[in-house]
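Read the structure below first, then the notes.
There are 2 protein chains.
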Amino acid sequence: MSPAKKPVAAQKRAGRRAPVVHEEVYARLRRAIIDGQLEPGRALSVRMLAAQFSVSAMPAREAIRRLVALGALEMTATRRIMIARMTPDRIDELTEARTLLEPRLAARAFDRTEGRRRARAALVSRLSAIDKRLDEAIADGDVAAYSKTNSDFHFTLYEAAKAPVLLGVVESLWLQTGPFMRVVVSRLGTSTLVDQHKEAIDALEAGDREKLQTALRLDIIEGMQRIGDADPR
Amino acid sequence: MSPAKKPVAAQKRAGRRAPVVHEEVYARLRRAIIDGQLEPGRALSVRMLAAQFSVSAMPAREAIRRLVALGALEMTATRRIMIARMTPDRIDELTEARTLLEPRLAARAFDRTEGRRRARAALVSRLSAIDKRLDEAIADGDVAAYSKTNSDFHFTLYEAAKAPVLLGVVESLWLQTGPFMRVVVSRLGTSTLVDQHKEAIDALEAGDREKLQTALRLDIIEGMQRIGDADPR
DNA sequence: TCTCTGTATTTGTGATCACATTCTCCTTGC
DNA sequence: GCAAGGAGAATGTGATCACAAATACAGAGA
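Just so you know, the sequences run in chain order A and B. Just so you know, the first sequence maps onto residues 1 to 233 in my numbering. Just so you know, the second sequence maps onto residues 1001 to 1233 in my numbering.
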């Protein structure tokens, strides 16, 4: 009746779990989707994905299953798999969900560093560095770099909130918007992009919680509006 | 160059897709979790689930994979599967996400029936019928019936919003709270339950959008508080 | 040039086996 | 009594095959 006895073997490898193929496949595919490397409607298949990643069919199946569950991939009535397509209604729903949740995640990151000058400054510094890269990507007209760096900025902020449940939900929302951001940006070019992130960084530095949330809300609305205007299918 | 030519075979079976085993397994397991039939920490395994549902291992694997992706099931460091456990932080996050999203879903259901007297009345009528069953469950002290009827009430309202993306997110939140509601209710008994749904029905009937959202917010907060107070692991 | 049609290919799904790891439980030794 | 250890069972994962359904494609016919 010893309390909470852990198995010996499990203790040895505490924390570090053996690499699992299907998780690696999932991570790479997820990244590609969030960064907008796969355009909406693009067809996927178990065997093609397996071949592309040099793995067998099983890990590919599992990765696809997860992404379908999260709404990133879509299954047609005849069970074919594709990157989810957009509709005006979907834009509207994703905008609402994102504007409700993401500012709250930012506020939590704010609260967690409240009163801890060092931690707050470190976060600001990291965000500033990313934002600088973002400016460069815009200046260079590098669409791929822009998408990737943009998601880096947001998730660096959100991860600082240490709120895994909310983060998981927001991740699924990004998995659903990622493909369109890329299409829209590459269609309009980076020249039309306005960097809304400086406001957020300023607010965080100045200790203005409300302004931080507002900055994110505007950033999201502006981005989603671009999707709506460009009318990507 | 005929526009959007659909395959013939697919047209024949338009809408109705052949039953797939793993979806059936998923639906049943999902229902059991949302209704709180499986307590937190309860262990699951591919083979056990397969045997219980009289299917082979593959469909069980796929169903489990989906539910892990949605946060309903948890994988330990040694890759064992269980119903997700609760922590104070998780309660806090789930409360925040639910209070942000669910009232908005209710508001959307409200808006969709705005000006359509017939549709609004039909929704009120359906909700009232469910609420009546809820009262009976409380009076009878029937915990299982209470859990199931309660989720029926909420999702009947939410589905009327016709917002699949938001509904999907909220479903994943219910998949994460379901197991605890049941534990808490069965621990405290139904006698302590206050039915907050009448306010919501009244608001819907009276055309008071704000009151509808507030009623739901209170219902969620009250329910989640009960989980926090009971401190279920 | 377009439509139909039959064939070949591709697809998701289910089933089953192998394997390394982890868990369970009972024996052994003190 | 009780901790240590080892044998056996159970588990998630990966690999591979079979199969029905869906798709792609090429050729025939008008």
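Every residue gets a Cβ at the ideal spot worked out from N, C-alpha and C, and that includes glycine.
Give the interface partners of residue i over in chain A, defined as CB-CB distance under 7 Å, in chain order.
| i | result |
| --- | --- |
| B/Arg1187 | None at all; the shortest Cβ gap to chain A is about 22 Å. |
Suppose you measure from the CA of residue i to the CA of residue j; what does that come to, to the nearest Å?
| i | j | result |
| --- | --- | --- |
| A/Pro179 | B/Pro1103 | 29 Å |
| B/Phe1110 | B/Glu1205 | 10 Å |
| B/Arg1085 | A/Ile34 | 29 Å |
| B/Arg1031 | A/Val46 | 28 Å |
| B/Thr1099 | A/Arg133 | 36 Å |
| A/Val165 | B/Gln1037 | 22 Å |
| A/Val185 | A/Leu173 | 18 Å |
| A/Arg79 | A/Ala121 | 49 Å |
| B/Thr1192 | A/Arg66 | 39 Å |
| B/Arg1117 | B/Thr1214 | 22 Å |
| A/Tyr158 | B/Leu1094 | 16 Å |
| A/Val169 | A/Arg217 | 17 Å |
| B/Ala1137 | B/Glu1222 | 19 Å |
| A/Arg112 | A/Ala119 | 9 Å |
| B/Glu1199 | A/Ala57 | 52 Å |
| B/Met1082 | A/Ile64 | 22 Å |
| A/Arg28 | A/Gln196 | 28 Å |
| B/Ile1091 | B/Ile1227 | 8 Å |
| B/Gly1071 | B/Glu1171 | 11 Å |
| A/Lys148 | A/Val25 | 18 Å |
| A/Asp142 | B/Asp1229 | 52 Å |
| B/Glu1096 | B/Leu1167 | 16 Å |
| A/Arg13 | A/Ile201 | At A/Arg13 the pLDDT is 38, less than 50, meaning the model places this residue with poor confidence and gives no usable figure here. |
| B/Leu1073 | A/Lys162 | 20 Å |
| B/Ala1108 | A/Val183 | Correcting the residue identity first, residue 1108 of chain B is Arg in this sequence and not Ala. Each residue's alpha carbon lies about 29 Å from the other. |
| B/Arg1241 | B/Met1075 | Given that chain B is displayed from residue 1001 to residue 1233, the structure contains no residue 1241 of chain B and the question cannot be resolved. |
| A/Glu39 | A/Gln176 | 11 Å |
| A/Ala43 | B/Leu1212 | 42 Å |
| A/Lys5 | B/Thr1087 | The pLDDT assigned to A/Lys5 is 36, lower than 50, so where the model puts this residue is not dependable; a value taken from the coordinates is nonetheless given after this. Roughly 21 Å between the two C-alpha positions. |
| B/Met1181 | B/Leu1049 | 23 Å |
| A/Ala145 | B/Ala1077 | 34 Å |
| A/Val194 | B/Val1068 | 38 Å |
| A/Leu123 | B/Ile1220 | 33 Å |
| A/Leu101 | B/Gly1207 | 27 Å |
| A/Gln225 | A/Asp89 | 13 Å |
Could you check where the alpha helix (DSSP H) with residue i kicks off and where it finishes?
| i | result |
| --- | --- |
| B/Glu1205 | His1197 to Ala1206 |
| B/Glu1171 | Pro1164 to Leu1188 |
| B/Gln1213 | Arg1209 to Ala1230 |
| B/Glu1062 | Ala1057 to Ala1069 |
| B/Arg1028 | Val1021 to Ile1034 |
| A/Thr156 | Val143 to Glu159 |
| B/Glu1136 | Arg1117 to Asp1140 |
| A/Ala51 | Val46 to Gln52 |
Looking at the unbroken beta strand (DSSP E) that takes in residue i, where does it start and where does it end?
| i | result |
| --- | --- |
| B/Glu1096 | Here B/Glu1096 belongs to no beta strand (DSSP E); instead the alpha helix (DSSP H) covers Pro1088 to Arg1112. |
| B/Leu1073 | Leu1073 to Met1075 |
At 7 Å on the CB atoms, spell out the chain B contacts of residue i, in chain order.
| i | result |
| --- | --- |
| A/Ala69 | Arg1066, Ala1069 and Leu1070 |
For a contact meaning CB atoms closer than 8 Å, what does residue i contact in chain A?
| i | result |
| --- | --- |
| B/Leu1166 | Glu93, Glu96 and Ala97 |
At a CB-CB cut-off below 8 Å, which residues of chain B make contact with residue i?
| i | result |
| --- | --- |
| A/Val169 | Ala1097, Val1169, Ser1172 and Leu1173 |
Between residue i and the ligand ZN, is the CB less than 7 Å from at least one heavy atom?
| i | result |
| --- | --- |
| B/Ile1220 | The ligand ZN is absent from the structure shown, which contains no ligand whatsoever. |
In chain B, what lies closer than 9 Å to residue i by C-beta?
| i | result |
| --- | --- |
| A/Ala163 | Asp1089, Asp1092, Glu1093 and Glu1096 |
message = At a CB distance below 8 Å, what residues from the segment 1090 to 1121 of chain B approach chain A? Give them in sequence order.
response = The segment 1090 to 1121 of chain B vs chain A, Cβ under 8 Å: Arg1090, Glu1093, Leu1094, Glu1096, Ala1097, Leu1100, Leu1101 and Arg1104.
request  = Taking a Cβ distance cut-off of 9 Å, strictly less, list which residues of the segment 1047 to 1066 of chain B are near chain A, in chain order.
outcome  = The residues in question are Arg1061, Glu1062, Arg1065 and Arg1066.
query = Three or more beta-carbon pairs under 8 Å between the segment 1152 to 1165 of chain B and the segment 1122 to 1136 of chain B, yes or no?
reply = Enough Cβ pairs lie closer than 8 Å, so yes.
key: Any 3 or more C-beta pairs closer than 8 Å across the segment 46 to 64 of chain A and the segment 19 to 29 of chain A   = Yes, the segment 46 to 64 of chain A is in contact with the segment 19 to 29 of chain A.
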